[in-house]
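2 protein chains.
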Amino acid sequence: MADALKEIGCNKCFGGFLKRYQHQSDSVQCTMKFQVYFPPGAVTEKFPVIYWLSGLTCTDENFMVKAGAQRVAAELGVALITPDTSPRGLNVEGESDSWDFGVAAGFYLNATVEKWKNWRMYDYVTKELPQVLAANFPNLDTSRASIMGHSMGGHGALTIALKNPLKYKCVSAFAPICHPINCAWGQKAFTGYLGAEDKSKWEEYDATVLVERYNGPKMDVLIDQGGNDQFLKDNQLQPEAFVEASKKNNVAVTLRIQEGYDHSYYFIATFIEDHLKRHARALFS
Amino acid sequence: MADALKEIGCNKCFGGFLKRYQHQSDSVQCTMKFQVYFPPGAVTEKFPVIYWLSGLTCTDENFMVKAGAQRVAAELGVALITPDTSPRGLNVEGESDSWDFGVAAGFYLNATVEKWKNWRMYDYVTKELPQVLAANFPNLDTSRASIMGHSMGGHGALTIALKNPLKYKCVSAFAPICHPINCAWGQKAFTGYLGAEDKSKWEEYDATVLVERYNGPKMDVLIDQGGNDQFLKDNQLQPEAFVEASKKNNVAVTLRIQEGYDHSYYFIATFIEDHLKRHARALFS
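Same order as they appear, the protein sequences are chains X and R.
Heads up: the first sequence is residues 1 to 285, going by UniProt numbering.
Heads up: the second sequence is residues 1 to 285, going by UniProt numbering.
If you want it as structure tokens, here you go:
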């Protein structure tokens, strides 16, 4: 696996290095790109990793370009990992017809509909990518990991953390799609990837259903949500449903409505430092 | 003029607001866009302004998306202003044939070649834009202004400050094109916009010539230059020429070679806080 990983980009940034890689993925059977921000530090140091899952239309690059997170990661001594948002280049018929389905819209699930069988971003993010990191980067400590994301990536972070409470030491989200089985984006995606017949498959990837059923160790979840977010108004996000469902069990959700903020990376940039510090506390504790 | 300005974008960001505007420009005779970051503050407060001039291929948006400057501007209580890099939409024959000439390559000069007569970005940035700001935004104090930029925009910042030492209280640059009459980018641009006949016209927009001839009040200039910048290696930037020329007079240049950094916004993001704090000290002194 080490031989298969190819470095395709490198920028020095806040004393560390932002590197971009590509590799042939087993999970999704195509070439996948991802980025790693390595904070400055001694060669012998091992950095915990924070996975960032991006939203619809994004690639592995948006977060590193726009969020201003490297500055904070450099200070905290944590590595940042940004996977892509779907398989690419497979030429599945219709894969690029919509901005909210197919390419750049993987929804961090394992598709069961034959046509979309390569859309296995859940396996890619939770299993293959950590293995690739562990195999290639002795200075990353993938046993100390946490996860966060935005919008579709917030949905990804919440569902993945709820399904793997021992794998991630912290989870938070910006404007996550909290209840996809009950919103237009989610219904379109889940119908396409999971089929319309068996709705129990949908529930496996719905953060609100998962948090209601959660019976793992105590978990804290931080959600920042812009109060002026058009997609909140359009009912795509539904953070209240998630908060309500969380009350029945061992998950403590902090939902902060940030007045005046929208769905953009300007919102994320404003609050990313707070999220990263929270993650670092968990990763170093 | 106030009626002509139209707000076309607004994002809350670090407690303040990033706003995008368009207006019909007298200087360049087309619709121009620019952005303003208003830091948080009382309605009655008046903020000094820092102009950021972007490099080749950029628009008014790149800096605000990528540099992470709003965080610092919010803390310091300064406004950030990003003009576009050239006129657009004039359909001058060949205006988009090159990435380093025409559209997005205005070089912050006033063209004298008839074909490019609308390329008057020097007038736009130094005269019209400050007037538009003063006329429309009572909370911007354009009498307290400073200027900085990157690459072609670093050239713009240096030349504009050297030609207008009383107008700008501070100047700094990231990887500026310091000696355009002596590099490929500059020679192409100046030949096109100013003609090849009279080289004295070129010297009016060459920072190294201008700093050598400077006879204004004492001026400090900070330049950060990535040591791993491909365009430094390609001889497009030539900061040493600028430093050498500055030694003969009343300009103190601090040139910092930042080892390992390239020409990208990751380099700018790393050092922007230091530049902004330096500017704020001058603006508030």
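Note that CB positions come from ideal geometry on N, CA and C, so glycine has one too.
DSSP state of residue i mapped onto helix, strand, coil
i, result
"GLN24/X", "strand"
"SER200/R", "helix"
"ALA173/R", "strand"
"ALA145/X", "strand"
"THR254/R", "strand"
"GLY102/R", "strand"
"PHE271/X", "helix"
"ALA67/R", "coil"
"GLN225/X", "strand"
"LEU80/X", "strand"
"ASP123/X", "helix"
"GLY195/R", "coil"
"VAL43/R", "coil"
"TYR265/X", "helix"
"residue 286/X", "The displayed coordinates of chain X run from 1 to 285. Any statement about residue 286/X would go beyond what the structure contains."
"LEU237/R", "coil"
"THR208/X", "helix"
"ILE36/R", "Note that residue 36/R is Val in the sequence shown here, rather than Ile. Strand."
"ASN62/R", "helix"
"LYS12/X", "strand"
"LEU18/R", "strand"
Whether residue i touches residue j by CB criterion (8 Å)
i, j, result
"ALA189/R", "ALA241/R", "no"
"residue 287/X", "MET148/X", "The question about residue 287/X has no answer, for chain X in this structure spans 1 to 285."
"TYR51/R", "LYS33/R", "no"
"LYS12/X", "VAL36/X", "no"
"VAL209/X", "SER172/X", "no"
"ASP123/R", "SER246/R", "no"
"GLY77/X", "GLY102/X", "no"
"PRO176/X", "LEU162/X", "no"
"ALA79/R", "LYS169/R", "no"
"GLY186/X", "GLY227/X", "no"
"ASN182/X", "THR126/X", "no"
"GLY192/R", "THR112/R", "no"
"ILE81/X", "VAL49/X", "yes"
"GLN258/R", "ASP224/R", "yes"
"ILE100/R", "LEU56/R", "Here residue 100/R is Asp; the residue named in the question, Ile, does not match the sequence. Result yes, Cβ atoms of ASP100/R and LEU56/R sit closer than 8 Å."
"residue 286/X", "CYS178/X", "No answer is possible for residue 286/X: it lies beyond the span of chain X, which begins at 1 and ends at 285."
"LYS46/X", "LEU140/X", "yes"
"LEU109/X", "CYS30/X", "no"
"HIS150/R", "PHE174/R", "yes"
"PHE38/R", "PHE17/R", "yes"
"GLN230/R", "ALA184/R", "no"
Buried versus exposed call for residue i [16 or more other C-beta atoms within 10 Å across all chains shown]
i, result
"LYS6/R", "exposed"
"ARG213/R", "exposed"
"VAL72/X", "buried"
"PRO217/R", "exposed"
"ILE8/X", "exposed"
"PRO138/X", "exposed"
"VAL43/R", "exposed"
"ALA252/R", "exposed"
"GLU114/R", "exposed"
"ALA207/R", "buried"
"PHE267/X", "buried"
"GLN24/X", "exposed"
"ASN62/R", "buried"
"PHE107/X", "buried"
"SER66/X", "A small correction: the amino acid at residue 66/X is Lys; Ser does not occupy that position in the sequence shown. Label assigned to LYS66/X: buried."
"ASN118/X", "buried"
"GLU95/X", "buried"
"ALA135/R", "exposed"
"THR270/R", "buried"
"THR254/X", "exposed"
Chain X contact residues for residue i, given Cβ-Cβ distances below 9 Å
i, result
"VAL36/R", "Correct list: empty, because the minimum Cβ distance to chain X is about 14 Å."
Chain X residues whose Cβ lies nearer than 7 Å to that of residue i
i, result
"LEU276/R", "Within 7 Å Cβ-Cβ: nothing; LEU276/R doesn't reach chain X, min ~13 Å."
Proximal chain X residues relative to residue i, where beta-carbon distance stays under 8 Å
i, result
"ALA269/R", "CYS13, PHE14, GLY68, GLN70, ARG71"
Proximal chain R residues relative to residue i, where beta-carbon distance stays under 9 Å
i, result
"ASP262/X", "CYS10, ASN11, LYS12"
Within chain R, partners of residue i - CB distance below 8 Å
i, result
"ASN228/X", "LYS12"
"VAL65/X", "VAL65, LYS66, TYR265"
7 Å Cβ cut-off: residues of chain R touching residue i
i, result
"residue 302/X", "Beyond the ends of chain X as shown, which are 1 and 285, falls residue 302/X; an answer cannot be given."
Beta carbon proximity, residue i to chain A, threshold 8 Å
i, result
"LEU76/X", "Among the chains of the structure shown, chain A does not appear; the protein chains present are X and R."
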